[in-house]
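**Student:** Each residue of the sequence shown is one higher than the one before, counting from 325 in our numbering.
No residue lacks a Cβ here, since even glycine has one placed at the ideal position from N, Cα and C.
These numbers come from a predicted model, not from an experiment.
Here it is, the structure, as structure tokens.
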Amino acid sequence: MAEYSAWQVLRHALTGNTGWKPAWRKPEPKPRYDVIVIGGGGHGLSTAYYLAKNHGITNVAVCEKGWLGSGNIGRNTTIVRSNYLLEGNTPFYEHSMKLWESLSHELNYNVMFSQRGIINLCHSPAQMDDAARRGNAMRLFGVDARMVMPDELARRVPGLDLSRTARFPILGGLEQPRAGTARHDAVAWGYARGADRRGVDILENCEVTGFLRDGDTVTGVQTTRGEILADKVAVCVAGSTGRVMKLAGIDRLPIESHVLQAFVSESLKPLIDTVVTFGGGHLYISQSDKGGLVFGGDIDGYNTYAQRGNLPIVEDVMAETVALFPALARVRLLRSWGGIMDMSMDGSPIITTGPLPGMYLNCGWCYGGFKATPASGWCFAHTIAKDEPHPLNAAYSLDRFHRGYVIDEKGQGATPWKH
């Protein structure tokens, strides 16, 4: 596989770009693998990559029911951050941030990671106190954080309504300067290419339709391309977790599937060079390199497997956007899309062995899936290879809901859609 470089771009340009090789192979399934990863999204691909890179397990297949990037990895708002509060979350997401910072170099693939920062706005003295608490907790974990005041916001985000007559007066905010955005498709393609280069078979259009069992032990999968045996089977399918696990006879999990909508506007001149979140509701917004404003808000609040949402959430997100940036009221919406979120009972993910012998489970990402892509794969690969969790994902066990060791970042209780 050719390395990507400026020299290669120039060389192929001079020959009409006819010499490029495919980024990954299109192999036929083998009869047996050491590990099968179900799900060719960001987490599944990164898991396969780190299985090969960190643990030398290269006889791996990634089974994807459609094409790579057709799920949540290509249906998100691209935000990367590690500004968490609780002990179970902060080290994990900070490890992911550190992996992001060198990911393009490691994969030899530009994932377009832009550390433009993220600012969480505050609209009351109580929110300012809470932001200071979160920032201090972050700094105790070695994560960058700083408070920003209205005069700085006026300089850096001139479109914000900072007037005293604003519906939601802005008192300041909490910034993580190292946060930012990345190109979601490029992350999938980069990990796919990296895994393929290490011998992993990526099986597109290979939907899992059942599990092979020897008693309670999972020994492989039934797919639309035939039966495939494996020593270990890892389920990593985000919002489809409930449906896939039901094929294995597991019909009760502490997760629910909801649709989360995202939006992009027509292209504008540079307006927002960071990521801004709204403290008076639920809105996150940034500007892409093409000039479109990329933004989203709440999940739609009902259980579904459909990759489309409803109009009340569209209205809600647009209203919050205009409340923060009045000048955007007449900007045209270019398109919207939906991703299926597997919302957990405490708002934190599950990366674990089981619940059946020979099976491994990665799910419950709520809103945090994209930013966690590198660390999720890193930790899930360790869990699969060693049959025990990495210290960074030890808290993300499935039985924490029975033991009462929940990681409730938002303090919402056991109501998945509120997270």
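Would you mind stating whether isoleucine 731 and asparagine 413 have Cβ atoms separated by less than 8 Å?
**Tutor:** yes
**Student:** Pick out whichever of Met569, Thr676 and Gly573 has its Cα sitting closest to the Cα of aspartate 711.
**Tutor:** When only C-alpha atoms are compared, the closest one is Thr676.
**Student:** Do the CB positions of cysteine 560 and valine 361 come within less than 8 Å of each other?
**Tutor:** yes
**Student:** Going residue by residue through the segment 330-357, where are the continuous alpha helix (DSSP H) segments of at least 4 residues, counting only ones entirely within it?
**Tutor:** Segments of the alpha helix (DSSP H) lying fully in the segment 330-357: 330-338.
**Student:** Just confirm the distance between the C-beta atoms of valine 588 and isoleucine 403, as a whole number of angstroms; I'd bet it's less than 8 Å.
**Tutor:** At roughly 14 Å, the Cβ-Cβ gap does not stay under 8 Å, so valine 588 and isoleucine 403 are not in contact.
**Student:** In angstroms, rounded to a whole number, what distance separates the CA positions of leucine 477 and leucine 484?
**Tutor:** 8 Å
**Student:** Have a look at Cys690, Leu685 and Tyr691 and flag the residue whose alpha-carbon is nearest the alpha-carbon of glycine 701.
**Tutor:** Leu685
**Student:** Let me check one thing: in DSSP terms, what residues is threonine 676 bridge-paired to?
**Tutor:** Leu685
**Student:** Is lysine 556 helix, strand or coil by DSSP?
**Tutor:** strand
**Student:** Give the single residue among Ser721, Ser448, Pro698 and Ala719 whose Cα lies nearest to the Cα of serine 426.
**Tutor:** Nearest option by C-alpha distance: Pro698.
**Student:** State the start and end residues of the unbroken alpha helix (DSSP H) segment that holds methionine 452.
**Tutor:** 449-464
**Student:** So proline 449 and leucine 486 are in contact, right, with Cβ under 8 Å, and what is the actual spacing, rounded?
**Tutor:** About 17 Å; that fails the 8 Å criterion.
**Student:** Can you tell me the Cβ-Cβ gap for valine 583 and alanine 630, rounded? I've got them flagged as a contact below 8 Å.
**Tutor:** Confirmed, Cβ separation roughly 6 Å.
**Student:** Taking asparagine 432 as the reference, give the member of Leu648, Val532 and Arg521 with the closest Cα.
**Tutor:** Arg521
**Student:** Quick check on the burial criterion: 16 or more other C-beta atoms within 10 angstroms. Buried or exposed for tryptophan 348?
**Tutor:** buried
**Student:** The alpha helix (DSSP H) with phenylalanine 704 in it runs from where to where?
**Tutor:** 697-710
**Student:** Since I believe glutamine 585 is in contact with valine 618 (beta carbons under 8 Å), could you give me their beta-carbon distance rounded to a whole number of angstroms?
**Tutor:** The pair is not a contact, with the Cβ atoms about 12 Å apart (cut-off 8 Å).
**Student:** Could you check the C-alpha separation between serine 668 and lysine 570 for me, to the nearest Å?
**Tutor:** Between the C-alpha atoms of serine 668 and lysine 570 there is a straight-line separation of about 17 Å.
**Student:** Alpha carbon to alpha carbon, how far is proline 740 from proline 482? Give it in angstroms, no decimals.
**Tutor:** 36 Å
**Student:** Cα separation between methionine 683 and alanine 558?
**Tutor:** 6 Å
**Student:** How many angstroms separate the CA atom of arginine 517 from the CA atom of lysine 695?
**Tutor:** 20 Å
**Student:** Alpha carbon to alpha carbon, what distance is there between leucine 592 and leucine 680?
**Tutor:** 51 Å
**Student:** Name the two residues that bound the continuous alpha helix (DSSP H) containing tryptophan 661.
**Tutor:** It is not in any alpha helix (DSSP H) - tryptophan 661 instead sits in the beta strand (DSSP E) that spans 657-668.
**Student:** Quick check: asparagine 396 and glycine 693, are their CB atoms within less than 8 Å of each other?
**Tutor:** yes
**Student:** Between Ile579, Ala503 and Glu644, which lies nearest to aspartate 666 when the distance is taken from Cα to Cα?
**Tutor:** Ile579
**Student:** Expressed to the nearest angstrom, what Euclidean distance is found between the alpha-carbon atoms of proline 673 and asparagine 341?
**Tutor:** 43 Å
**Student:** When you compare only the Cα positions, how much space is there between isoleucine 623 and glutamate 352?
**Tutor:** Here the alpha carbons of glutamate 352 and isoleucine 623 stand approximately 38 Å from one another.
**Student:** Which stretch, first to last residue, makes up the beta strand (DSSP E) that contains threonine 565?
**Tutor:** From DSSP, threonine 565 is part of no beta strand (DSSP E) but of the alpha helix (DSSP H) over 565-571.
**Student:** Quick one: residues in its chain with C-beta nearer than 7 Å to the C-beta of leucine 658, no 5 flanking neighbours on either side, listed in chain order?
**Tutor:** Val588, Ser589, Glu590 and Gly616
**Student:** Evaluate contact between the segment 376-392 and the segment 711-727, counting only Cβ atoms and requiring at least three cross-stretch pairs below 8 Å.
**Tutor:** The segment 376-392 vs the segment 711-727: no contact.
**Student:** As a quick exercise: from Arg502, Pro493 and Val386, pick the residue whose alpha carbon is nearest that of proline 474.
**Tutor:** Measuring from the Cα of proline 474, the nearest candidate turns out to be Pro493.
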